[in-house]
Structures are given as structure tokens and as C-alpha cells.
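Going by the working numbering, the first residue of the sequence shown is number 14, and it counts up by one from there. Every residue, glycine too, gets a C-beta built ideally from N, C-alpha and C. Following: one structure in C-alpha cells, then a few remarks.
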Amino acid sequence: MSMKLIYIANIRLPTEKAHGIQIMKMCEAFAAQGVGVKLVVPRRKNFIKDDPFLYYGIKRKFKIIKIPCLDLVRWGKLGFLIESLTFFEFAFWRFFSAAEAVFYTRDEVAAFYFSNIGRNVIWESHRGEKNFIVRRVVKRKKVKLVLITQALKSLYISFGARAKNILVSPDGVDLEPFSIPIPKQDARKKLGLPVEKRIVLYTGHLYSWKGVDILADAAKNIDAEVFFVGGTREDIESFQRKYRHIQNIHILGQKLHHEVPLYLKAADVLVLPNSSKDRISQLYTSPMKLFEYMASGTPIISSDLPSLREVLDESMVYFFTPDDPKSLAETVDLVLKNYDEARQKANMALSRVEQYSWRKRAQNILAFIEPHI
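The structure is reproduced here in C-alpha cells:
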């Protein structure tokens, strides 16, 4: 395939946040299909000094280009706006003449810039943005939309987007790292986790809409050790202060992404506790941890939300009532008392997750956009 793809991403790279993993994995997956990929990011100050390819465990099959910007993010919203606009402006002029390329982005401003000059643009949306730029971009013939849920598709069709210009493609996972053949007890010994106790595990950021407070509140009534893996430094400190009085809560902090599979293998139960009070969580999210949980083969408990039911059903997971710590605690108890059934559900999830690999996601997106370029 001779396609040239320029991925415009207004992110700090590397970043501890999930979008960094997703963007790097997609660039790797596109490159593996023979696409010439350039990932374009702003040149920003970064407390993470690692090489992005090493940090994420990504093969060097594409180029990373850092573009100048006014790095004023530390000034708050105004600083971020200035940083964003200067980055997009520099990127626009740097690649103005790349008429043969496909421009891929998760930023509606970048989609707006490059569609203004008639370039082929793929805009991937994860959050249900509704601003005036989005309302203009989604109507343009040269802009194709990659959306992670059906609810996002309905939203943007209501803004005037054509259904034929939309592909719904949930997030994905690298199957191989999460299928490591290691017994649970050996994984625990490697990680220094208690070998004889039951372990309930959550991985990811400690944002309220992720439902972490629901799991923490439920922990008081869970007969197991409850571990949280992930979070920014500030969120970890706040979470520790808030829940340090609950004896069975353990906050392990941020881990490198390649370490996560071992933690998932060490757990008895994995929890996806998203809140229904946030519209993104309820309708628009397709969390990478969902697919990582499925790929691990460990039993899963999930909030019963429309966004998550686009992928999950009762044959794969146990559902609990969103935002209800009592329901969550009771569901954990149910899983631990019916573990043979829980393993059967986990095996079903494992068999279903194969369709959600990054490789297949990239193939589906390329098959969608090729007829239009």
C-alpha cells in the first residue's frame, strides 16, 4: 500500500495518559499495513524523558515529527489555547503542500484547518464534541469520521454528517502482551502481591467519571484486597488522602503500559466501574482497559452502561448498577462465590476480543477510507 498518512496529534509525547498509547498503537498498526506514517506532535516540555517508542514498546516503523509551538500549557486554559493554535498553525504550513497525503487527527481544529484546503481528512472522535467547529467539519465531503460508539454516530448525524462518511470502530488492544501464559500465583510473586488473598483490580486513571470512587466506597463491603493501578501524581495523592482509612484499598500508582498485563493476570476480578452521571462515560466511551481486561482472560465486572454494552453482554461479564457501591460489592461477592461460571464468562470475552485488535482496527479504517481518496 502506497498511502501516506500524516497523524496530527496535539499531545505531550510521551504521556502517561491513555490517548498517547492509543495514538502510538494506531500509528504502529497503520504502518504494519504498509502505510507511510508520520506522527506530528508539538515540541513541549515533558517530565517524561523516555524515547516514545521505548516508553510504549512500539516498533520503529513510522516517524515522529515535533513541531514548534508556544508551550504555555502551564498557564491554564488560555495557555493551552495559545499552545494549540500555534501548534496547528505551524503544522498547517509545514504540511500545506502535502496534497497527496491523508490527514488523520483526533483534534477537530486540525480537521478544520486541513479540510479548508481540500485535503482528505479523517477525524476520530472520542468525546462527543459539540462546538461550532465540529458542526462545520462533520458536514464536509472531504472529512470522514471514525467514531468509537454508535451514540457518537447518532450525535454527528444530527449535526448533518452523512452516514456513509462514518465508520464506528471501538478502541482496541494488542492481544499478544495480554495473553502471557503465566499462572496467577506466579504473577503475584513477581509483583509482590499477596498470594493467598482474593484480589479485585482496577487499572486506569482516577477520574471521577471512571467510577473509581464507587469502587473505593464498595471496598468497605468487599471481602478481598482492592488494588488501583494508574493515575496522575496529583490524582494519586488526592485519592490516597481520601481513602487511606479503608484497610483493604491499595493504591499502586502509575505503571508502564507493558507492566499492566501481569497485573491483570494476578487478579481474581477486574472492575470497569464507569459512572452513568457523565455523558461521555454513559454514551461515548470505549475504554482501552475494557479490551485489555477481555484479552487477559480474567473475570470482569462492568457498569451496566449503553457505551459498554456496545461491546459487552452477559455472556462475557457480570454487570452491576452504575454508581451503586452496594450493587458492586454484591456483584464481587457473586463472582467470587461462583468462580467457575466467572471463568466461563472470561473465556467468552477472550474469544470475542480477537476482533478488536489494533491490527484489525487499522485494516477496517483503511478499507473504509481507501475508496474515498
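Taking the alpha carbon of residue i as the reference point, which residue from the options has its own alpha carbon closest?
i, options, result
"G243", "V273, R257, N261 and I259", "V273"
"V53", "K30, I34, K79 and L325", "K79"
"S85", "L67, I77 and N59", "Here residue 85 is Leu; the residue named in the question, Ser, does not match the sequence. L85 has its Cα closest to that of N59, out of L67, I77 and N59."
"C40", "R73, E250 and I293", "R73"
"L347", "M361, D236, R107 and D326", "D236"
"R107", "A342, K38, I264 and I21", "I21"
"L265", "I293, H218 and S309", "H218"
"T387", "E29, S15 and M16", "Here the chain covers residues 14 to 386 and nothing more, so residue 387 does not appear."
"G47", "A31, I34 and M16", "M16"
"S97", "K76, R119 and E113", "R119"
"Y68", "R56, A308 and K38", "K38"
"L214", "Y276, H385, L325 and W88", "Y276"
"I36", "K76, I61, R57 and K62", "K76"
"N144", "Q163, K157 and Y169", "Y169"
"P312", "K350, R56 and S340", "K350"
"H385", "S171, K157 and I293", "K157"
"P81", "D63, R57, H263 and L363", "R57"
Given a cut-off of 7 Å, decide if residue j and residue i are closer than it, judged by their beta-carbon atoms.
i, j, result
"S289", "P338", "no"
"G141", "L165", "yes"
"D187", "I161", "no"
"P65", "L94", "no"
"G131", "K152", "no"
"L206", "A279", "yes"
"F13", "E121", "The structure shown does not extend to residue 13, since the chain is modelled only from 14 through 386, so no value can be given for it."
"V159", "I19", "no"
"K155", "N178", "no"
"I382", "I135", "yes"
"E189", "K210", "no"
"A232", "N261", "yes"
"I33", "H271", "Here the sequence assigns Gly to residue 33, which means Ile is not the residue at that position. Contact: no."
"A31", "A375", "no"
"N234", "A342", "yes"
What is the DSSP secondary structure of residue i, counted as helix, strand or coil?
i, result
"Y20", "strand"
"E238", "strand"
"G33", "helix"
"K358", "helix"
"S288", "coil"
"H263", "strand"
"N59", "coil"
"L160", "strand"
"V273", "helix"
"I378", "helix"
"V208", "coil"
"K197", "helix"
"V151", "coil"
"S315", "strand"
"S328", "coil"
"K268", "coil"
"V48", "coil"
"S221", "helix"
"K283", "Per the sequence shown, residue 283 should be read as Leu rather than Lys. Of the three classes helix, strand and coil, the one that applies to L283 here is strand, per DSSP."
"S15", "coil"
Starting from residue i and walking both ways along the alpha helix (DSSP H), at which residues does that stretch end?
i, result
"I259", "Counting along the chain, I259 falls outside any alpha helix (DSSP H), and DSSP gives it neither H nor E."
"G92", "K90 to R107"
"K339", "P338 to K350"
"I179", "Premise fails: I179 lies in the beta strand (DSSP E), I179 to V181, not in any alpha helix (DSSP H)."
"E189", "L188 to F191"
"S110", "No alpha helix (DSSP H) holds S110; DSSP gives it neither H nor E."
"L26", "Element bounds for L26: n/a, residue is neither H nor E."
"I227", "V225 to A232"
"I172", "Correcting the residue type first, residue 172 is Phe in the shown sequence and not Ile. That residue, F172, is in no alpha helix (DSSP H); it is neither H nor E in DSSP."
"P65", "P65 to Y69"
"V387", "A question about residue 387 goes unanswered here, because the residues of the chain that appear run from 14 up to 386."
State yes or no: is the beta carbon of residue i nearer than 7 Å to at least one beta carbon in chain D?
i, result
"R140", "Chain labels in this structure do not include chain D; a single protein chain is all it has."
Under DSSP, the beta strand (DSSP E) around residue i begins and ends at which residues?
i, result
"Y297", "Where Y297 is concerned, there is no enclosing beta strand (DSSP E), given that its DSSP letter is neither H nor E."
"F332", "Y331 to F333"
"N133", "N133 to S138"
"L321", "Here L321 belongs to no beta strand (DSSP E); instead the alpha helix (DSSP H) covers P319 to R322."
"Y215", "I212 to T216"
"Y117", "V115 to T118"
"K79", "K76 to I80"
Taking 6 Å as the cut-off, is the C-beta of residue i nearer than that to any heavy atom in the ligand FMN?
i, result
"S138", "In terms of ligand content, the structure shown is empty, and the ligand FMN therefore cannot be addressed."
I want to know whether the stretch 371-382 touches the stretch 317-333 - three or more CB-CB distances under 8 Å. no
How about the stretch 124-139 and the stretch 102-112: do they share at least three Cβ pairs that are nearer than 8 Å? yes
I'd like to know if the stretch 215-228 and the stretch 298-313 are in contact, where contact means that at least 3 CB-CB pairs between them fall below 8 Å. yes
Using 8 Å as the cut-off, can you tell me whether the stretch 138-156 makes contact with the stretch 38-53, which would need three or more C-beta pairs spanning the two stretches below that distance? no
Any chance the stretch 278-294 sits against the stretch 251-263, with 3 or more Cβ pairs inside 8 Å? no
Decide if the stretch 357-365 is in contact with the stretch 322-329; the criterion is three or more beta carbon pairs, one per stretch, under 8 Å apart. yes
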